[in-house]
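Undergrad:
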Amino acid sequence: ISYNSARFNKSAAKLSQCPEDIGAEVAFAGRSNAGKSSAINTLTNNKKLARTSKTPGRTQLINFFDLNIEHTRIVDLPGYGFAKVPLEMKLHWQKHLDNYLQKRECLRGVVLVMDIRHPMKEFDQMMTQWCKSTGMPLHVLLTKADKLKKGPAQNTLLKLKKELTDELGDNVSLQIFSALKRQGIDQLSMRIDSWLLE
Ligand code: GDP
Numbered sequence: 010i011s012y013n014s015a016r017f018n019k020s021a022a023k024l025s026q027c028p029e030d031i032g033a034e035v036a037f038a039g040r041s042n043a044g045k046s047s048a049i050n051t052l053t054n055n056k057k058l059a060r061t062s063k064t065p066g067r068t069q070l071i072n073f074f075d076l077n078i079e080h081t082r083i084v085d086l087p088g089y090g091f092a093k094v095p096l097e098m099k100l101h102w103q104k105h106l107d108n109y110l111q112k113r114e115c116l117r118g119v120v121l122v123m124d125i126r127h128p129m130k131e132f133d134q135m136m137t138q139w140c141k142s143t144g145m146p147l148h149v150l151l152t153k154a155d156k157l158k159k160g161p162a163q164n165t166l167l168k169l170k171k172e173l174t175d176e177l178g179d180n181v182s183l184q185i186f187s188a189l190k191r192q193g194i195d196q197l198s199m200r201i202d203s204w205l206l207e
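Take a look at the structure:
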C-alpha cells in the first residue's frame with residue numbers, strides 16, 4: 010500500500026456518519042499528545058493530514074483517510090486524557106469511541122501510540138484490555154524514541170513486549186518509532202499492510 014497517497018475522506022461525530030462499513034481499516038488510538046497525529050503524518054509523508062494537537066483536545070472526531078486500494082482506510086481516533094475538559098464531555102467521547110470499536114466490522118487492527126517515556130497509562134491499559142477481550146490485533150507504537158538514548162528505549166521495548174505478550178500472546182506486536190527522526194516507518198507500514206491486505 011502506498012501510504013503517501015492517503016487522503017482525507019470524512020470526519021464522524023457518531024457511528025452513522027462513518028464511511029460505509031465495508032472493506033478494511035486500521036485505527037490509530039492514543040492519549041492526547043502521545044504523538045499520534047505526528048505518527049500518521051510521518052507514515053503518510055503528509056505534514057497536514059492529521060492535525061497535530063498543539064491545542065490538546067482539538068481533534069474530537071473520528072477521521073477517515075482513504076488509501077490507494079479501494080475500501081481500505083486508516084482511521085484517526087480521538088485523543089484522550091487531557092485535563093481541562095468537563096467529565097460529561099469525556100464520557101461522550103468515550104461512548105463514541107466505544108461504539109466505533111464495538112460495532113465496526115471492517116476494523117482489522119489497532120495501532121496504539123504511546124510516548125515511549127510514559128507508556129501504559131490508564132487509557133492504554135483500557136485499549137489493551139479491550140483488544141484482549143475482543144481478540145483485536147494490537148500494534149504498540151512507542152514514539153518519541155529520539156527523546157531517549159538507545160539503551161533505555163530498547164529496555165522499555167523489551168519490558169513492555171514481555172508484559173503485553175503475557176497478556177495478549179501472538180495478537181500483539183510492538184516497535185520503536187520517531188516522527189522527528191523518521192524512524193520505524195517501514196516496520197509500521199509492513200504491519201498495517203499485513204492487516205489490510207490479509
Ligand atoms: P497527538 O495529540 O497524539 O496527535 O500528538 P501530536 O502528534 O500532536 O504530538 C504532540 C507533541 O509531541 C507535538 O509537540 C509534537 O511535535 C511532539 N512529537 C510528536 N512526535 C514526536 C517525535 O517522534 N519526537 C519528538 N521529539 N517529538 C514528537
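Numbering follows our numbering, in which position 64 of the sequence shown is assigned residue number 73; successive positions increment by one, without gaps.
Using N, Cα and C, we set each Cβ at its ideal position, and we do this for glycine too.
Because the structure is a prediction, the values reported are computed rather than measured.
(1) Give me the Cα-Cα distance between Ser-46 and Leu-116, rounded to the nearest whole angstrom.
(2) If you follow the alpha helix (DSSP H) that Asp-155 is part of, which residue opens it and which one closes it?
(3) So, do the stretch 100 to 115 and the stretch 48 to 62 have three or more beta carbon pairs nearer to each other than 8 Å?
(4) With the cut-off set at 9 Å, would you say Val-120 and Leu-76 are in Cβ contact?
(5) Could you pull out every residue in the same chain whose Cβ sits closer than 7 Å to the Cβ of Thr-64, ignoring the five residues on either side in sequence?
(6) For the ligand GDP, is there a heavy atom less than 8 Å away from the beta-carbon of Lys-23?
(7) Report yes if the CB atom of Ile-125 is closer than 9 Å to the CB atom of Ile-78, and no otherwise.
(8) Which runs of the beta strand (DSSP E), 3 residues or longer, sit entirely within the stretch 64 to 88?
(9) Return yes when at least one heavy atom of the ligand GDP lies under 8 Å from the C-beta of Leu-197, else no.
(10) Tell me where the alpha helix (DSSP H) around Leu-100 begins and ends.
(11) Buried or exposed for Leu-167, please, with buried defined as at least 16 other CB atoms from any protein chain shown within 10 angstroms of its CB.
(12) Using only CA atoms, which one of Thr-53, Ala-22 and Lys-156 lies nearest to Ile-194?
(13) Determine which residues share a DSSP beta bridge with Phe-186 and list them.
(14) Apart from the five residues on each side of it in sequence, which residues of its chain come closer than 7 Å, Cβ to Cβ, to Lys-170?
(15) Report the option in Asp-179, Trp-102 and Thr-152 whose CA atom is closest to the CA atom of Val-122.
(16) Along the chain, where does the beta strand (DSSP E) containing Lys-34 start, and where does it finish?
(17) Suppose contacts are defined by Cβ-Cβ distances below 9 Å. Is Arg-82 in contact with Glu-131 by that definition?
(18) Among the residues of its own chain, which have a CB less than 6 Å from the CB of Ala-7, if the five just before and after it don't count?
TA: In short, the structure shows the following:
(1) Stepping through the sequence shown from its first residue, residue 46 is reached at position 37. Stepping through the sequence shown from its first residue, residue 116 is reached at position 107. Going by the C-alpha atoms only, they are around 19 Å apart.
(2) Taking the first residue of the sequence shown as position 1, residue 155 is located at position 146. Here Asp-155 belongs to no alpha helix (DSSP H), and DSSP marks it neither H nor E.
(3) Judged by Cβ distances under 8 Å, the stretch 100 to 115 makes no contact with the stretch 48 to 62, as fewer than three pairs qualify.
(4) For this step, residue 120 is matched to residue 111 along the sequence shown. For this step, residue 76 is matched to residue 67 along the sequence shown. For Val-120 and Leu-76, no; Cβs fall outside 9 Å.
(5) The count along the sequence shown starts at 1 and reaches residue 64 at position 55. Summary for Thr-64: the model assigns pLDDT 49, below 50, so the residue's position carries little reliability; its value from the coordinates is reported in the next sentence. For Thr-64, where only same-chain residues beyond five positions count, there are no Cβ hits under 7 Å.
(6) By one-based count along the sequence shown, residue 23 stands at place 14. Every heavy atom of the ligand GDP is 8 Å or more from the Cβ of Lys-23, so no.
(7) The residue you call residue 125 lines up with position 116 of the sequence shown. The residue you call residue 78 lines up with position 69 of the sequence shown. No, the Cβ-Cβ distance between Ile-125 and Ile-78 is not below 9 Å.
(8) Runs of the beta strand (DSSP E) inside the stretch 64 to 88: 71 to 75 and 81 to 85.
(9) Residue 197 sits at position 188 when you count from the first residue of the sequence shown. No, Cβ of Leu-197 sits at least 8 Å from all heavy atoms of the ligand GDP.
(10) Counting from 1 along the sequence shown, the entry for residue 100 is found at position 91. That run of the alpha helix (DSSP H) goes 96 to 112.
(11) Translated into the one-based positions of the sequence shown, residue 167 becomes position 158. Answer is exposed; the Cβ neighbour count stays below 16.
(12) For the purposes of this step, residue 194 is taken as the residue at position 185 of the sequence shown. In this structure, Thr-53 is the residue among Thr-53, Ala-22 and Lys-156 with its C-alpha nearest to the C-alpha of Ile-194.
(13) Sequence index remark: in the sequence shown, residue 186 carries index 177 (1-based). Phe-186 is not bridged to any residue.
(14) Here residue 170 is taken as the residue at index 161 of the sequence shown, counted from 1. The residues Leu-183, in chain order, have a CB closer than 7 Å to that of Lys-170 in the same chain once the five nearest residues on each side in sequence are set aside.
(15) By one-based count along the sequence shown, residue 122 stands at place 113. Among Asp-179, Trp-102 and Thr-152, the Cα nearest to that of Val-122 is on Thr-152.
(16) Counting from 1 along the sequence shown, the entry for residue 34 is found at position 25. Looking at the sequence provided, one finds Glu at residue 34 rather than Lys. From DSSP, the beta strand (DSSP E) with Glu-34 extends over 33 to 39.
(17) In the sequence shown, counting from the first residue as 1, residue 82 sits at position 73. In the sequence shown, counting from the first residue as 1, residue 131 sits at position 122. No, the pair does not count as a contact, with Cβ atoms beyond the cut-off.
(18) One cannot answer for residue 7 here, as it falls past the ends of the chain, which runs 10 to 207.
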